[in-house]
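Structure first, commentary second.
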Amino acid sequence: MATVDLQEVNKVYPNGFHAVKDFSLNISEGEFMVLVGPSGCGKTTALRMVAGLEDITSGVLRIAGKVVNDETPKERDIAMVFQNYALYPHMTVAENIGFALKLRKMPKANITSKVKETAEILGLTEWLDRKPGQLSGGQRQRVAMGRAIVREPSVFLMDEPLSNLDAKLRVQMRAEVQRIQRRINVATLYVTHDQIEAMTMGDRVAVMRSGVLQQVDHPQVLYDHPNNLFVAAFIGSPSMNLYEASMSDDAAAVRLGSQELALPAADRDTHPGLARFGGKKIILGVRPEHLPAANGNAAAEAADSTLVGNVDLVEALGSELMVHFTIDAHTVVAEGAASDDADSTARAGEGVARVEPSVKVKVGDRITFAVNTAGLQFFDPETELAIWD
Amino acid sequence: MGSRNRKGWRRVINGVNISAFFVTLFIALPLYWLIISSFKTPVALGDSPPQYFPSQFSGANYSQAFVQYDFGIYFRNSLVVTLISTALVLVVGTLAGYALGRLPMRGKFTLMVTLLMISVFPEIALIAPLYLLERQFGLLNSYEALIIPYTAFNLPFAIWILRNYMLGIPKEMEETGRIDGAGPLRTVWSIILPMALPGVFTAGIFCFTACWTEFLMALTFESVNSWRTIPVGIAEFGTPLEVPYGTIFAASVVAVVPIGILVFIFRKFVISGLTSGAVKG
Amino acid sequence: MTTASSAADEPAPRPAPLVGRHDVNRKRMARLGWAFSAPALIIVAAVTIFPILYSVVMSLSNVNVTGNGFSLSGVTGSNYSLVVKNSTWHYALGFTIVYTLITVAVELVLGTLIALVLQRLTAGRGWMMALLLIPWSMITVINAELWLYIFNGIYGVMDAIFTAVGLGHPNFLGTNDPAIISLMIADIWKTTPFVAIIVLAGLVMLPGDIFEAAEVDGSSGWSTFWRITVPLLRPTLALAVMFRVLQAFGLFDLPYVMTGGGPGTSTTSLAILGYDAMFKNLSFGPGAAVATTTALLVLLGCLISLRTFRVQVGKEDS
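Chains as they are written, first to last, in the numbering used here: chain A, 4 to 392; chain B, 344 to 624; chain C, 256 to 573.
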């Protein structure tokens, strides 16, 4: 039985804004579910509805099997970690963690022991008598989690808890959060706008856009098998390169600008639906990591599935080279999928490839990529849906 | 700026410091006169030209104020009225300030502005009906005679200050409290109030000062000697023919010192209160 | 959307907007808000709104004060006509307005100067501000007694100073104009520090980089003051002026103690006039008329001062 079960939940604000549309999701016991999407997509609203901080306009919300639409947050047995931690500044760490227990009239001795236990799990034991103002960002975050853990709730809710931390600390805390969640094994709904967090932390990831759930799957499935253009462009960094293209009449090759990419039979078999698009326009998606350089390997260069581009910019990262190139095809932008990172290439024909650091390439060169055709994605330009069967 | 280049005592002597010195004189001289006059004998007080520094220090004025002029009674009355009014204002005002600052009420802004407009009404306009009403209900010459109006008149400003402080508290505080299971009163008491404590001090000190120094209503509602507060008591010391300045000043010093100390201790709050009332452009 | 446009002819009809159980929580919170505000609102309304209205009613009827109570009879404008025809009222009106204008103007200028000095003070600013608070916290009656003593014609220190300087023995409180001036001095001494604090607090809050930019642009002291400081200080100054105008109109404590409204009626403010009418002559009708007209003038004063400084009250509402 799922611990959290949302069925066709909607949120419409008094001014008519429809923030969350027919949202259905279930989270099993102990599962770490990440809800990800660009700002304003409704993910925080969905989370707050589960918490009870926002009313549910229509649909059913069940927690541990019980319908809880009308119950107050306290009655729902949930715990929440806010983006700004919301620690009580005038209380010590111990008092912060124990506050909810005190409200439930738990005997003092019990509260003390539970607080100590929780502090140990989080490594906060020596800070119990300090006030939040004396702690660092990471420590405050752990206190916020401690406050949630100590209540042993049925559901953990987290609203972008790592956004306020600097980059290095964020990476560290990602692992911390996962470790703690695994230890206490409570169903968790984690909201973030950062798809890297989503991919690294979630057992399953739910992608949301403009109030509508796009796809819910294991991270690897989302990467390999996105259902639509938005999910494909949103997941993965740098984003997938998307081009306007068309299929050859026999649907055995893809025409990309002036170039043609042959599709091996194996790949045609995995995408039987392509047959319907013979001679028609499609959108082609190719991830930067599926564009290794042919690099002087004559055989690879002569193969049918190659792509040639003009190099605009080369970024050396040490572990790889990011080659920004152009081809004479039109790029496609999936609205809303561009992340805050600087890798949104919106100009015509541009793309990014990740190649081996040993490749000798500089600005102005022509580079040949040995396209990994197994990783290609195809989309119907009208529906934006992925083409599979 | 230029004074940084000068050395030693020359550094201290510049336009700003000289002006500051004169400002200090401006304020301190009359205060000095008040204090030393309280220690002068009646003869010395009538001296012309006056003794700029008393030749003889006498504490007689002080004992006279308490023994002959009932100043102790006035002091007690002022203290009772002021403390109770302030306490009431803070309790009632905190709840109202919280509601008007953080709860979703329709028209709360209009309500706030109306409250403020009411509070600027000149006392003279209200004194007559209040007097007649209190007279009718037999409230004259009692503590309630002043406590009720003092509470009412100080509430709007206190609510304004408290509300402003509470507005600065992040919304997540209440939400966390709700999730932890705190009811509304519990939230105000355990979460909001501790965080708005500076506002409470500010409102408190303003209310205290206003009640302590109020004259018109005290004059009108407490005509019987045993109920008088300090301002009225001092004003009525002696007769038009014989004004006992020494005693008056002695009583004044006793009246000024406690509130002066309070205001000094809480000066940060007073100053922030004077600015938090700033109208937004 | 993708750059390839959709081929649909026209959009499908939008489904009717969902209507559900909105904001039950919000309504609950709103009711709580009213519950929390109720005590304050009731107290204030009972003690202020009701008497205000009653005052207006009183001013329009004949008031008879009896042993234990009072009665109102009739609706009449006679109180107002009595007041408006009364020469003392004319004087009191003029006196109060002029008094207000002069004292507020002087306090504003002096207070701003003091604030400017304090702003540049490096050491001891905290102590200076504490010192400024003392006159503010003093009981006005005490202040009045102090200056009454200082201005005493025989043994007051002001008399001694005037004699020493060779200006003779003016009768400070016994002659019309000197009495008014003496009152003003007492008021100014007590209230200028208050204005100074408000202005200083406003100055301190001004962002420093604007002044640095002005300095770089070559603006001198005075020019910076008028072109930058004053406009930025407008809201603060407006606040200070408004507070003071309100206080000044209710002028009562000082004349009551220092001059009793005299000599003659030369320092009879509107509040003194009203008080005397009601509690010395027991004519509550006319007294209420004086009180009501004073209140109206105060409101007018507020509006004018707000308009003069072109300040809008901030609008933040849910």
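Virtual Cβ for every residue (Gly too), placed ideally from N, Cα, C.
Query, Result
"Quick check on DSSP: helix, strand or coil for C/Ile369?", "helix"
"Label C/Asn536 either buried or exposed according to how many other C-beta atoms from any shown protein chain fall within 10 Å of its C-beta, with 16 as the threshold for buried.", "exposed"
"For the beta strand (DSSP E) containing C/Arg380, name the first residue and the last one.", "Per DSSP, C/Arg380 belongs to no beta strand (DSSP E); it is in the alpha helix (DSSP H), 380-392."
"Using a Cβ distance threshold of 8 Å, determine whether the stretch 386-405 of chain B contacts the stretch 550-557 of chain B, with at least three qualifying pairs required.", "no"
"For C/Thr514 and C/Asn426, what's the separation of their Cα atoms in angstroms?", "12 Å"
"When you compare the CB of B/Thr437 with every CB in chain A, is at least one pair closer than 9 Å?", "no"
"Under the three-state reduction of DSSP, which class applies to C/Met439: helix, strand or coil?", "helix"
"Threshold first: 4 residues or longer. Then list the alpha helix (DSSP H) segments lying entirely within the stretch 215-249 of chain A, N to C.", "222-227, 232-237"
"Taking C-beta pairs closer than 8 Å, name the residues in chain B that A/Ile393 reaches, listed in chain order.", "Past the boundaries of the shown model lies residue 393 of chain A; chain A is included only from 4 to 392, so the question cannot be answered."
"Report the option in A/Glu74, A/Asn230, A/Arg51, A/Met325 whose CA atom is closest to the CA atom of A/Gly288.", "A/Asn230"
"Please tell me whether C/Arg562 has its Cβ less than 9 Å away from any Cβ of chain B.", "no"
"Which bits of chain A does B/Ala525 rub up against, with CB to CB less than 7 Å?", "Leu106"
"Which residues in chain A sit within 8 Å of B/Met516, going by Cβ to Cβ distance?", "Ala89, Tyr91"
"Closer than 8 Å is the cut-off here; do at least three beta carbon pairs connect the stretch 512-521 of chain B with the stretch 400-416 of chain B?", "no"
"For B/Phe544, collect the residues of the same chain with a Cβ closer than 8 Å to its Cβ; drop the 5 residues on either side in sequence, then sort them by chain order.", "Phe609, Phe612"
"Considering only residues of the same chain and omitting the five flanking positions on each side of B/Glu313, which have a CB-CB separation below 7 Å?", "Look at the range of chain B in this structure, 344 to 624, and you will see that residue 313 of chain B is not part of it."
"With three or more C-beta pairs closer than 8 Å as the rule, is the stretch 174-190 of chain A touching the stretch 220-234 of chain A?", "no"
"Does any residue of chain B have a CB that is nearer than 9 Å to the CB of A/Arg154?", "yes"
"Per the DSSP calculation, A/Thr371 is bridged to which residue(s)?", "A/Val311"
"Distance check for A/Gly40 and A/Ala345, CA to CA, integer angstroms please.", "Its pLDDT being 41, under 50, A/Ala345 is placed unreliably by the model, and the measurement read from it follows with that caveat. For A/Ala345 and A/Gly40, the distance between alpha carbons rounds to 17 Å."
"Rounded to whole angstroms, what's the CA-CA distance from A/Glu123 to A/Phe372? Just pull it up for me.", "52 Å"
"In terms of alpha-carbon separation, which member of A/Glu323, A/Glu353, A/Ala319 lies closest to A/Ile330?", "A/Glu353"
"What beta strand (DSSP E) runs, 3 residues minimum, are completely inside the stretch 418-488 of chain B?", "none"
"Using only the alpha-carbon positions, how far apart do A/Arg51 and A/Leu127 sit?", "28 Å"
"Going by DSSP in three states, A/Glu263 sits in which element: helix, strand or coil?", "strand"
"Please list the terminal residues of the continuous alpha helix (DSSP H) segment that includes C/Glu470.", "463-472"
"Where does A/Leu266 land, buried or exposed, given buried means 16+ other C-beta within 10 angstroms?", "buried"
"Between A/Arg150 and chain B, is any beta-carbon pair separated by less than 9 Å?", "yes"
"Specify the secondary structure class of A/Asp162 as computed by DSSP and reduced to three states.", "strand"
"Quick check on A/Gly62: does DSSP put it in helix, strand or coil?", "strand"
"Which residues mark the beginning and the end of the beta strand (DSSP E) in which A/Glu11 is found?", "7-15"
"Looking at C-alpha atoms only, which residue of C/Leu509, C/Thr522, C/Arg283, C/Gly332 is the closest neighbour of C/Asn431?", "C/Thr522"
"Tell me which residue opens and which closes the alpha helix (DSSP H) that C/Leu509 is part of.", "508-513"
"For B/Phe609, does the three-state DSSP call read helix, strand or coil?", "coil"
"Would you call C/Arg562 buried or exposed, if buried means 16 or more other Cβ atoms sit within 10 Å of its Cβ?", "exposed"
"Is it the case that the Cβ atoms of C/Glu362 and C/Ile443 are separated by a distance below 9 Å?", "yes"
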